[in-house]
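What follows is a set of notes on a single structure, which appears directly below.
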Amino acid sequence: MYDNPLTTPRATHGRAPDVFHPGGWVPMREYPQREAVDFVVIGTGAGGGPLLARLAERGYSVIGFDAGPYFRPLEDFASDETSQSQLFWTDERLVDGANPLKMGANNSGRAVGGSTVHYAMVSLRFRPEWFRSRTLLGYGADWPLDWREMWHYYARAERDLAIAGPVSYPWGPKRPRYPYRAHEINGAAEVLARGAEAMGYQWSETPLATVSAPRGDSPSCVYRGFCRVGCATNAKQSQLVTYIPRALAAGAEIRDMAMVGRIAVDAAGRACGVHYHRNGAWHFQAARNVIVAGYAIETPRLLLNSATDRFRNGLANSSGLVGRYLMTQSNQAVYGVMDDMVRWNKGPPSLTITEHWNYNDRKDFHGGYCWMAQGPLPVEWSAAMSTSRRLWGAALREKMGDYNHQVGLKMVGEMLPHLDNRVTLADETDRYGLPIARVTYSWHDNDKAMIQHALGEMQRSLELVGVRDLWRQENDTNHLAGTARMGFDRETSVVDADCRSWDIPNLWICDGSVFPTTGGVNPSLTITALALRTADRICVQARTGEMRK
Amino acid sequence: MANTTSPSGAARTTLTLLGSLTGAALLGALHSHARPPPATRSPAKAPVPDPAAANRAARRLNRAAGTLAASVLFDSTVEHYRGQFQNRAMYTPLVTAAMALGVSAHGTMDERQTPHVVRDTVYALISIVGLVGTGFHLFNVRRKAGGFSWQNLFYGAPLGAPMAIGLSGLLGYLSERVRETPPGQVPMIWGLPAGRVVGVVSGLGITGTVGEAALLHFRGGFHDPFMYLPVTMPPVAAIVLGRSALGPAGIARRATRWWLRATAILGLSGTAFHAIGVGRDMGGWRNWQQNILNGPPIPAPPAFTGLALAGLAALGLLEDHPDD
Amino acid sequence: MTERNRYPGYDVLVKRHSPSWNEATRRVMDARLGVPREPRFLSRIEWDTLVAICDRIIPQPKNRPPVPLAAYIDQKLKADARNGFRNAALPPQRAAWQIGLAAFEVEAHQLHGKAFHHLTTAQQDDLLRRVESGRIDAPAWGDLDAALFFSEHIMGDIIAAYYAHPTSWNEIGFGGPASPRGYVRMRNNRRDPWEPVEAGPGEEARVGRENRRVR
Ligand SMILES: Cc1cc2nc3c(=O)[nH]c(=O)nc-3n(C[C@H](O)[C@H](O)[C@H](O)COP(=O)(O)OP(=O)(O)OC[C@H]3O[C@@H](n4cnc5c(N)ncnc54)[C@H](O)[C@@H]3O)c2cc1C
Ligand code: SF4
């Protein structure tokens, strides 16, 4: 009998799934509901995972809640785009604005391990200046953090995730050598390299969170290319196979298939536990501290849904900024055809990269971007083709026939924070009876200018290496950030540099939603580094007595 | 317990076992090193050259060349199969390594005192092929995007492989020169004492192979501590062998001998290590079509064995034919 | 319809028992291939309209068993499996499909006095194009934004169903499922023996033989 993790929680009865062995189990500590644990962490993804591991390793009692299932990749993951939608947040969200966002597969995971279970593993550091873009570059907002401190936590995150990267990364300040060597690049990635060389740009193998040699029970990557629908190899160093096992070993508990609907606040105005739905009923878990790590849509939704008489606009929201300054990253692409047999689906999709940090080359917009090689699977590819080129019927099937000859470049670009790009609560409710999120998004002039610039550059680089039939995918966006920004004071931000909310001293928010700006590279390594830092800060504050304030 | 940083289960057990065996060989080497070498020339060894000794040394060299050729044969078959024999030239190492293997087997059994014209020609030819092949591989690496980048050194055509086949040819060629030593004379090559020439060539060969192993194990991130063995043990062997080859002749060199033996064993246990590695990859042996190619190269490590055997032959020559 | 087969002889299902497929994949693909070919959520008339629309969005060659696209849409609606977001201008997917299919029917009757599935393919294409660009009259559309319905559901759902089917993978030469065995040869013009060969014009017979060895 196949025990279905989507219908029944697996982490129960003192054991949790052993992610490395089909049908296997590892022991798990369990905490009673009525006794307050030191920390409850809501969400077990890029931010929640490292927090769970680090806090448990420091001896705290912690429970990680996740609305999603607890997978064993080796037995649960099919090589199939459609059925692997089991990894995504597929509950309804409304999207509107001038440029409604695509959610689901595009940017929202729902599983123990969060979106890192199906992310594309690109693991990049922000450029130092991005942490002070307002002061140094004249746009966005400064982070209340020093980049040198982040550099230290980036290095730790890279070690923890055994990032496979180039021997030396061409851009930015020096960093230690990546723990694993870069992967062999595929034909599609070589096109980026040749195009960059033709334009006089540097290129590099992309640092990826998938191992190029065995690590523990993770075998090396087999280049199957299904990364974005889950790695059935366990080569991918997602939080599910790295921080979560560490957290369990250190005494943390995981509650899978447990949707937190509300954070409870006591008479003193401090968070005192969470109401969560599991096994068909609502429960309450008492806690001394609560950390929210549900990502940029669910985090504000939960805070707003937890409104009380005392906090009428939702928790941690005296600034009115919870849900505001939502950011995504522009993800436009240029595609074309080569005579060569490329088979771009082989290997992780983004094996090479070129970064454009937009410093001193006087562009007419703010922010930075990079572009990477591509290798979408058929369903994703057909969606890109049909929507961007308005193709259907025989014409679509004909163009799809070029699948194995296709190459493409895709940008990840910094979109600027705007007050009106936001998450609010809709009137509709979900299966738990909770109001669902409404996500409103519109691009602004700077966003559009950057997109056009990037499209032009990518197109030229493909033209220079003889790629034919070029066309532009103009409408795509991906990663999310913002909605609970960190800052220097309680009027203009939701949390401080330690990810601690200004309003409720024992409530933390530690995921992509605290980003004041989103930078021009993929965000998850920054989220993870931030979480490692937050765990350290919590320990320092506990020692110095600051926690009780 | 799920393990995120070191392997668990059977893989761990086997790795440990194998590691201990190799470690024992290493200890043997270290231990013998500790003993003071007999520094004086042994009076028992008369400086009168023994023709049978030259033949023995020559056959040892044939054996060394053959071992190296076998490693190259299997390794390049696997690698060029991966490369789908994209051009005809990719069959060359298969043919030449097979020929080297054949003539080396013949030479190992041949007790005659004269060189064999076919063997001699084949060996000479193969040395040249090795050089040409290195050129081809250099060209291949240079042509790729990024040129001489780590990416292409890791995943492009390996520069060391054609050298290995050339080295096999060279060892064989040297063997023929030793073999043709007239009775009553000290084996000489290019006007130099054969033991020293062979010693230096093997020492350099070991050094080159260490370079190749270092490159590939660096590519593998030295993810397993045993991966440091081939970049630590053989270099010592190469150094002590070099010292013996260039230092005073006619003394018994226990330490050198032991280091070379340990290196020879390392070459063999390396094969077993690599086989375990293949089994540990995704899908294990059932997925051999992928893992034989993408996993650690099973036939590569015995190159060390071949070169260590050549080093031992050199030691024999040095001891049998003191030249100073 | 005769069209050039670029990967003659290739059948990704032959790899079912090779190391390219794991148990989870076999489970999923068995379910996909075994989808019931009858409507379980939609009404008969909605179903007929849907089948006709699917035939125009993805016209399929006559010389092979067709991919039952309408059945996948019906299955999705029955399970109410959603994508995780919905344009606020659209109702939930079940309602969107029901209103949309009914409106197609009304449009067909208004324009041609016939059911949609009885129109000629040219008439069907014409009507589809009108809906695609929002040039519609029938009040049956109500609040439903026809153009949005066309792009999000008609195109989105049907095309996704087709390219999730092994038949389409054979057609485009996609290697298909790949675990535990992935790929070895990463560079251009390199092929692993378990990947299909593409046939240039006139090479079909030879390549067909090669592709029958792909497993
Ligand atoms: C297809 C795809 C590719 C990507 N590729 C990359 C990439 O290559 N590089 C990169 O840097 N980033 C990438 N990302 C983005 C990256 O995955 C996210 O930015 C990152 O994981 C966000 O981390 P997080 O901790 O904020 O949230 P998540 O990792 O999304 O974790 C949030 C978790 O919280 C749970 N949760 C939310 N609300 C609740 C609740 N109320 N109760 C219980 N549980 C809850 C969710 O189930 C989820 O598991 C990609 C994302 C996607 C979808
Ligand atoms: S390509 Fe590598 S990381 Fe991606 S799914 Fe396959 S094994 Fe996992």
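Chains as they are written, first to last, in full-length UniProt numbering: chain A, 1 to 549; chain B, 1 to 324; chain C, 1 to 215.
The beta carbon of each residue, even a glycine, is placed where N, CA and C say it ideally should be.
Rounded to whole angstroms, the gap between the alpha carbons of Val439(A) and Gly482(A) is 12 Å. Within the same chain, and ignoring the five residues on either side of Asp80(C) in sequence, the residues whose Cβ sits closer than 7 Å to its Cβ are Arg94. What Gly295(B) touches in chain C, judged by beta-carbon distance under 7 Å, is nothing: the nearest beta carbon there is about 10 Å away. The shortest CA-to-CA distance from Leu13(C) to any of Glu203(C), Pro180(C), Gly176(C), Glu204(C) is the one to Gly176(C). The residue among Gly433(A), Asn421(A), Gly314(A) with its C-alpha nearest the C-alpha of Leu326(A) is Asn421(A). At least one heavy atom of ligand 2 is found less than 6 Å from the C-beta of Arg224(A). Nearest Cα to Met547(A) within the set Cys510(A), Asp498(A), Gly512(A), Phe515(A): Asp498(A). Residues of chain C with a Cβ closer than 7 Å to the Cβ of Met103(A) are, in chain order, Gly84, Phe85. Pairing Phe65(A) with Ile42(A) gives a Cβ-Cβ distance under 7 Å. Judged by DSSP in its simplified three-state form, Val122(A) adopts strand. When distances are taken from the beta-carbon of Thr116(A) to the heavy atoms of ligand 1, the shortest one is below 6 Å.
Against chain B, a Cβ distance below 8 Å from Thr233(A) picks out Met282. If you look at Val117(A), you'll find it isn't in any beta strand (DSSP E); DSSP assigns it neither H nor E. With 16 or more other CB atoms across the displayed protein chains lying within 10 angstroms of its CB, Tyr223(A) is buried. For the pair of segments examined, the stretch 186-206 of chain B was found to touch the stretch 233-247 of chain B: the number of CB pairs separated by less than 8 Å reaches three. The Cβ neighbour count for Tyr155(B), taken over all protein chains shown within 10 Å, is at least 16; the residue is labelled buried.
The beta carbon of Leu148(C) is closer than 7 Å to those of Asn87, Ala89, Leu90 in its chain, skipping five residues each way along the sequence. Less than 7 Å separates the beta-carbon of Leu480(A) from that of Thr328(A). Residue nearest to Asp74(C) within the set Val106(C), His112(C), Ala103(C), Val35(C) is Val35(C) (criterion: CA-CA distance). Annotation: Leu94(A) is outside any alpha helix (DSSP H); the continuous beta strand (DSSP E) that includes it extends over 94-96. Distances from the CB of Tyr7(C) to the heavy atoms of ligand 1 are all 6 Å or more.
Remark: C-beta atoms of Thr206(A) and Leu55(A) do not approach each other more closely than 7 Å. In the three-state reduction of the DSSP assignment, Met28(A) falls in the coil class, being assigned neither a helical nor a strand state. If you draw a straight line from the Cα of Val241(A) to the Cα of Ala16(A), it comes to about 13 Å. Annotation: the continuous beta strand (DSSP E) that includes Glu428(A) extends over 422-429. In the three-state scheme derived from DSSP, where H, G and I count as helix and E and B as strand, Arg468(A) is classed as strand. Looking at the DSSP output, Gly413(A) bridges to Ser330(A), Tyr369(A).
Around Trp89(A), the same chain offers Ser108, Arg110 as residues with beta carbons nearer than 6 Å, after the five sequence neighbours per side are excluded. Each residue's CA atom was taken as its position, placing Thr210(A) and Gly220(B) some 13 Å apart. Contact between the stretch 83-99 of chain A and the stretch 414-434 of chain A is present: three or more C-beta pairs spanning the two stretches fall below 8 Å. In the structure shown, Trp443(A) falls within a coil segment according to DSSP collapsed to helix, strand and coil.
With contacts defined by Cβ atoms closer than 7 Å, Thr49(C) and Phe116(C) form a contacting pair. Taking 6 Å as the cut-off, one finds no heavy atom of ligand 1 near enough to the beta carbon of Asn62(B). Taking non-hydrogen atoms of ligand 1 into account, the C-beta of Pro69(A) is found less than 6 Å away from none of them. With a beta-carbon spacing of about 4 Å, Ala310(B) and Ala64(B) fall inside the 8 Å limit used to define contacts.
Taking a cut-off of 8 Å for Cβ pairs, the stretch 63-79 of chain B and the stretch 95-107 of chain B touch, as three or more such pairs fall below it.
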